[in-house]
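Here the structure comes first, spelled out in structure tokens, and everything after it is commentary.
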Amino acid sequence: MTAFETLSQLDFDAPLAPKTSRSINVSEQLKRLKNVHNQLAQFEQGMVDLDSLKRVVNELISPNLLHHKDKGVRAFVACCLADVLRLFVPDAPYTGNQLQNIFEHFVNQLKGLSDTESPYFSQYCYLLENLSQVKSVVLMADLPNGDDLMIKLFQLFFDIANPDGLKNLEFHMAEILVQLVEESHSIPSEVVDMIMAQFLRPSAINESGNGKGKFQVALYQLPQAYNIAKTICIGCSDRISRNISQYFSEIIMSISSADGSNDEISETEFKELKKAHNLMVEIWKAAPEVLQNVIPQLEQEMLVENIQMRTLATQTTSFIAGEVPGRINFISAHPTCWEAWLGRQNDKNSQIRAKWAEGCTYILANRTDVVKGIIEGLTMKLIDSDERVRLSTIKAIGQLDYKTIINKLRDENLLTNLAERAKDKRPAVRIESIALLGKLYDLAYDDIATQDNEIVSQLGWIPDRILDLFYLNEKDVNVLIDHCIFEQLLPFELDDTKRVIRMLNFLKFLSERSRKAFDAIPARQKQVASGFEIFIQSCEKYNGSIIDDNEKEINTKLNTIIDWFAKQFSDVNKAELNLKAFAKLNDRRLYKLIRDCINTESDYKTVQKSINEIKSRLKRSQSNVAETLTPLLYRGAIIFYNKSNVHPVVEISKQSHNILSAPAHEILKNMTALYPEILKSHIHELTFLLQNQNPGFDGSVDTLKTYSEFSQKFPDNVPQTQEFFDSLFKYATEGSPEEAKHAVRIILNGKRKHAYSRDLLSNSVKFETSDRHFLTQLVSLSELMRGSPAIVEPEIDSITDFILSTVILKNRVKESDENNDWVEDKELDDDCKAKILGLRVLVSRLQAAATADTAAEIGKPVIKLFITLIENSGEVSIEKDTPLHYKSRLRLQAGLFILKLARLPIYDKLISALDISRVSRLAQDPNFAVRQLFIDKLKKYLAAESLPERYSPVLFLMAYEPEEEIKDELVTWIRARLAKQDNQKAMTLEKSFSRLLYLLAHHPDYGSESDDLLDLAQYIIFYLNSVVTEKNISLIFYFAQRVKQVRDALAEDLSERLYYLSDLSQAIIRHYQEINGWSMQTWPGKVPLPGDLFRALPNSAVAQKIARKTFLTDGVVERLPGLIKIKQARAKPLPPPPSSSSASSSAVKPAAKTNDTPQKSTTIKKRKPSERPTRKRKAKRVVDSSDDENDEDYIG
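Sequential numbering of the sequence shown, starting at 178, is according to my numbering.
In structure tokens, the structure reads:
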């Protein structure tokens, strides 16, 4: 203070406290107190004459003022006392007892902060601010009852802290409490308890059930009491951390035993323990500094024997580590605890491993520094041995937001393991996995549609993997797939263009295998729709169980179709009950809605509205019918190939620059094949497109194929203008072979076919191999041979001579040093293509002549040519100079054409059993593509029941197929056929066993030595693995016995081979019976063996001699058990509906492999190394020009 400055003095002479003889009215007293307060408030520390305050200082502690009945008086007294303490700093002008009374008065007055409407609220705020700024509250620490006052003040502030209160009040309350904690000699346990309690407030909000979920705290302001506690912990971390550590230690030690035993914790104790761990998490979020001594305790908890405590500690650490790193990075600050947590992923207890997996998602969502380790752990938990761990891991991944998924879930192994869980043995895991995959694709679709390559690579594969699940052929999985496809991958969308674009984007990234699975969905739709019509008709006649006439017939028909539908579900009984409940509802509105769903004339909006109303009505019925009917509706409704989709598909197919043009052409082609009638209103658009484009435009082949399909079904709807037919003629003569094929077919379906056929023939018989359209001419010639044989007949001799001598038997390209036995279609040269098409011309002639008297005469040399090609491994030249890949193609085509011709009875008679034996070697061809395409075609014809059953045994020569996946798919397909024939009461596959034994007797690998017979046993075992059941094992054993009672009809000197195989098969079948525990009775009936293969023995003496002789040695029988491995059957596929005889029940046909892996030999015996099957895979699209069906293509 300078000499010129003077001290301020209090200008107040009136008494404040009333004398005992004289009282002061309240208004006057308030006036005096306000006067004093205003002056004191304006005085600055060190700038006031303290002597001038002595009278007021003494009067202010008068009991009459401290305990005055008026709130205002008490409030102003408190404000004045606060200023006195401020002005007298550092020496308070009061004794200890007086200070105790003063601070008790302060505490009581601060309660007024809870009433913001109070007229003295500003005085209470002034008091709070004064205590906070002056820090006079620290005087409480030295008072005798300082702890009690401290507890009261903490309790008061935490109680009155209001989320809607003034922010500055929160600040001052926090400052006062921080000062108390810092200056107190010890912190009362009650204070610690109150501070801890504030951190449970956010948890209480989360669990309050207000509908805001776990994000409540993020959306709404945290309580002021929580913020105050947080400020205390941060500001006094060094001071309070020891108390907090002690707080948690007392709780944990009071619950758990000192030695960490595995005794179960009671429910009440566990709730307390869980509450304490939740508190740790909340404190870490707010003030991690104070847990420096608590985290080591948490680390030890993760290592104790008690499972409950270990689980809780693991979960708590997950939450703590998952917080966004702030002032303290948990992982770097507590590395040993982090390592202990990482170790819990391999905990011996599955519950803990599951909790660990759940915790990973919290960490992934908020951290970037440990992503790699977390992803590696989650990847392994997806293949954990315990289903609960796998399920928890999938659910945990599902909680991640889309941004986290695309930025952090990029590990290929994790995504692969996630996809594999869709095939998990446990239903709960499958359900969750498929639902998650569908959700991920739905979230990512917008990015996939914009061709974001990273997202496409990361998640674009999901539809492919979902559709691949159809090949499992498991009923419950198929239901899950239906829900995933129709609700997530391709959900309902009313906008036609958006819906079609999504479907095309979906198709764009499918593999060939999955594309076939998708194509099977609309094909299945026709089958299910047919079943629905029968079902609805039966329900109408059933009339809710009120039947007037033909009750037995109506009930039988209804039960039959219900049984057919129910067999599509894993729980057949439940499905039957639900469908019967639907029939009893007798809701005519539901009948109409279902018919609208399956009607090809219904537009998309109608179908969607009908499905939604059906679900709504069934939900109101309080039944479980929807659980069964919904998947059936998805399967039977016209959704993907709806007529509303045609226009957008056509428009996109015309946009050659559009990347969706190719799938648009593909979908349009398939639509037309299944529902050609939906194209009627759009045929003029396609006509205009073909007329105004030149051959080779983008999508030309698919457009022409679509038109060809349509013209075959609706020839009268095809425009017959000369302009259009001139355009078709141009495609047929100047276009690619594929374009020519479909263009010629359209011409032959039109009214101008005679005139244009002659012109086409003239163009096709130029016989100039150097012509750049030579392949196109061969295709046109083949189509004319089949579709207009009368026009071609005058030229037939010259055509045949040219095809044989110049095209097939003459090599324009010689064998080179390059020993590739297969090349891709795009790399195949024209000479090889010409030879294949030349063979096709010969087959077309036979097809056209199938009903002619000369059919057998012209068929024999062609069939002999094909058999010779197979026997010669595809060699066509006497100079033996045919390139290796030519030979692979030619022997394959020869085999495929034999199968094709065998579908026509006149030509099947020309193919002997020995010819079939020769053709069957293609199933074991050294080249993967050859044997795979051959088996695929064989399966297709057998499924369509267009090929005689004597070809069925060829399938079982795949026993030595090196590709296990291919074998497994074949087994699945065979069992599907078995299921269908069971419904038809047929025995085709069982009867084929005798033919299989005959085929093996003439197999190049046949031998009667022990090792040879054991090699042959593999074929029999493969057959049994695929076909045998407890129901049919007696019949198969019967055929095995019968083969020993006949002789070879074609090669009698080889009959003994049959007897060896008979004994061998009987021994194997007996062993199957034993290891399965089946009962095998003598077959009661009598089934004849094939007369074209077997002949009766000459007399009974010979029969008895053969029957008594044992052809197997003991060494063979003893070694058989080691060869037999029984494979579990998959669920049976869907048979055709009761009224349909044409629908195939075969499983979705598996796609062949690709030629992109090194060759590897199998273990087939007694064959030259060059003839052994290899693991070489087939090209994406192998040439197969053998078919005349519209869905088969020529060489491009």
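Cβ atoms here follow ideal geometry from the backbone N, Cα and C, with glycine treated the same way.
All figures in this text were calculated on a predicted structure; none of them were measured in a lab.
Inter-residue spacing [alpha-carbon to alpha-carbon] between Q1243 and V1205: Position 1066 of the sequence shown holds residue 1243. Position 1028 of the sequence shown holds residue 1205. If you take the alpha carbons of Q1243 and V1205, they lie about 13 angstroms apart.
Separation of Q277 from N322, as counted between CA atoms: Within the sequence shown, residue 322 is the residue found at index 145, counting from 1. Within the sequence shown, residue 277 is the residue found at index 100, counting from 1. Between N322 and Q277, the C-alpha separation is close to 8 angstroms.
Supposed contact pair S1239 and A1217 - C-beta distance, whole angstroms, cut 8 angstroms: The residue you call residue 1217 lines up with position 1040 of the sequence shown. The residue you call residue 1239 lines up with position 1062 of the sequence shown. Sure, about 6 angstroms apart at Cβ, within 8 angstroms.
Straight-line Cα distance separating A1194 from N1209: Counting from 1 along the sequence shown, the entry for residue 1209 is found at position 1032. Counting from 1 along the sequence shown, the entry for residue 1194 is found at position 1017. Each residue's Cα considered, the two are about 19 angstroms apart.
Beta-carbon separation (whole angstroms), K585 vs L541, contact threshold 8 angstroms: Looking up residue 585 in the sequence shown gives position 408. Looking up residue 541 in the sequence shown gives position 364. Right, the Cβ-Cβ distance comes to about 5 angstroms (below 8 angstroms), so this counts as a contact.
Opening and closing residue of the beta strand (DSSP E) in which A259 lies: If you number the sequence shown from 1, residue 259 lands on position 82. Here A259 belongs to no beta strand (DSSP E); instead the alpha helix (DSSP H) covers 248-264.
Runs of alpha helix (DSSP H) wholly within the region 935-994 (minimum 4 residues, chain order): 951-964, 966-969, 973-979
Run of the beta strand (DSSP E) containing D1225, from where it starts to where it stops: Taking the first residue of the sequence shown as position 1, residue 1225 is located at position 1048. From DSSP, the beta strand (DSSP E) with D1225 extends over 1223-1225.
Stretch-stretch touch, CB-based, cutoff 8 angstroms, three pairs: the region 350-364 with the region 306-325: yes
Segment limits, alpha helix (DSSP H) that includes A758: Taking the first residue of the sequence shown as position 1, residue 758 is located at position 581. Its alpha helix (DSSP H) spans residues 749-762.
Beta-carbon proximity of A752 to T807, cut-off 7 angstroms: One-based indexing of the sequence shown puts residue 752 at position 575. One-based indexing of the sequence shown puts residue 807 at position 630. It is not a contact, given that the beta carbons lie outside the stated cut-off.
Backbone secondary structure at F901 - three-state DSSP: Position 724 of the sequence shown, counted from the first residue, corresponds to residue 901. In the structure shown, F901 sits in a helix (DSSP, three-state: H, G or I).
Segment contact, 8 angstroms Cβ cut-off, at least three pairs: the region 839-851 with the region 876-894: yes
Which of helix, strand or coil DSSP assigns to R1152: As a first step, residue 1152 is located in the sequence shown; it is residue number 975 there, counting from the start. Correct three-state label for R1152: helix.
Per-residue burial, T494 [other beta carbons within 10 Å of its own, 16 or more giving buried]: As a position in the sequence shown, residue 494 is number 317, starting the count at 1. Flag for T494 reads buried.
Beta carbon of D524 nearer than 7 angstroms to that of I552: Indexing the sequence shown from 1 puts residue 524 at position 347. Indexing the sequence shown from 1 puts residue 552 at position 375. Taking 7 angstroms as the Cβ cut-off, D524 and I552 do not qualify as a contacting pair.
Nearest-angstrom beta carbon gap, E347 and N404 [assumed within contact, 8 angstroms]: Stepping through the sequence shown from its first residue, residue 404 is reached at position 227. Stepping through the sequence shown from its first residue, residue 347 is reached at position 170. Yes, N404 and E347 are in contact; Cβ-Cβ is about 6 angstroms, under 8 angstroms.
CA nearest to the CA of R784, picked from I1283, N822, I698: Here residue 784 refers to the residue found at position 607 of the sequence shown. The residue you asked about is not Arg; residue 784 is Val in the sequence shown. Among I1283, N822, I698, the Cα nearest to that of V784 belongs to N822.
Residue nearest to R766 in terms of C-alpha spacing, selected from K792, F746, F906: As a first step, residue 766 is located in the sequence shown; it is residue number 589 there, counting from the start. Among K792, F746, F906, the Cα nearest to that of R766 belongs to K792.
Exposed unless 16 or more other CB atoms sit within 10 angstroms - verdict on Q1305: As a first step, residue 1305 is located in the sequence shown; it is residue number 1128 there, counting from the start. With a pLDDT of 46 at Q1305, under the threshold of 50, the predicted position of this residue should be treated as unreliable, and no value is reported.
Contact set for T183: own chain, Cβ-Cβ below 8 angstroms, skip 5 residues either direction: Position 6 of the sequence shown, counting from 1, holds the residue named residue 183. Cβ within range, chain order: n/a, list empty.
Host alpha helix (DSSP H) of F891 (start-end): Numbered from 1 along the sequence shown, position 714 holds the residue referred to as residue 891. Element bounds for F891: n/a, residue is neither H nor E.
Close-in-space but distant-in-sequence residues of the same chain around V368 (CB under 7 angstroms, 5 per side omitted): Within the sequence shown, numbered from 1, the residue matching residue 368 stands at position 191. Closer than 7 angstroms at Cβ, skipping near neighbours: M327, I328, F331.
Pick from R378, G503, A1156, L262 that is closest to S309, judged by C-alpha positions: Locating residue 309 in the sequence shown gives position 132, where the first residue counts as 1. Looking at the Cα atoms, L262 is the closest of the given residues.
Distance between beta carbons of I775 and A706, contact taken as under 8 angstroms: For the purposes of this step, residue 706 is taken as residue 529 along the sequence shown, with counting starting at 1. For the purposes of this step, residue 775 is taken as residue 598 along the sequence shown, with counting starting at 1. So it is a contact: roughly 4 angstroms between Cβ atoms.
Exposure of I1252, with buried meaning 16 or more beta-carbon neighbours within 10 Å: As a first step, residue 1252 must be located in the sequence shown, where it is residue number 1075. It counts as exposed.
Test item: CB-CB of C661 and I608 under 7 angstroms: Position 484 of the sequence shown, counting from 1, holds the residue named residue 661. Position 431 of the sequence shown, counting from 1, holds the residue named residue 608. In this structure, I608 does not lie closer than 7 angstroms to C661 by Cβ.
Segment limits, beta strand (DSSP E) that includes L1199: Here residue 1199 corresponds to residue number 1022 of the sequence shown, with the count starting at 1. A small correction: the amino acid at residue 1199 is Phe; Leu does not occupy that position in the sequence shown. From DSSP, F1199 is part of no beta strand (DSSP E) but of the alpha helix (DSSP H) over 1187-1204.
Residue interval of the beta strand (DSSP E) (run including A1121): As a position in the sequence shown, residue 1121 is number 944, starting the count at 1. Careful: A1121 lies outside any beta strand (DSSP E) and carries neither H nor E.
Spatial distance of D659 from Q702 (CA atoms): Position 482 of the sequence shown, counting from 1, holds the residue named residue 659. Position 525 of the sequence shown, counting from 1, holds the residue named residue 702. So the alpha carbons of these two residues sit roughly 12 angstroms apart.
For S291, the nearest candidate out of E281, F280, L305, I429 (CA to CA): Reading the sequence shown from its first residue, position 114 is the one you call residue 291. It is L305 whose Cα lies nearest to the Cα of S291.
Those residues which DSSP pairs with F1271 across a bridge: Position 1094 of the sequence shown, counted from the first residue, corresponds to residue 1271. The partner list for F1271 (beta bridge, DSSP) reads D1225.
V225 (DSSP reduced to helix, strand or coil): If you number the sequence shown from 1, residue 225 lands on position 48. DSSP places V225 in strand when its eight states are reduced to three.
CA nearest to the CA of K928, picked from I1213, I508, V895: On the sequence shown, position 751 is the one that residue 928 refers to. That would be V895, whose Cα lies nearest to the Cα of K928.
Those residues which DSSP pairs with S185 across a bridge: Along the sequence shown, one-based indexing puts residue 185 at 8. Paired residue(s): V225.
Any non-hydrogen atom of the ligand NAP within 6 angstroms of T1059 CB: You won't find the ligand NAP in this model; it holds no ligand whatsoever.
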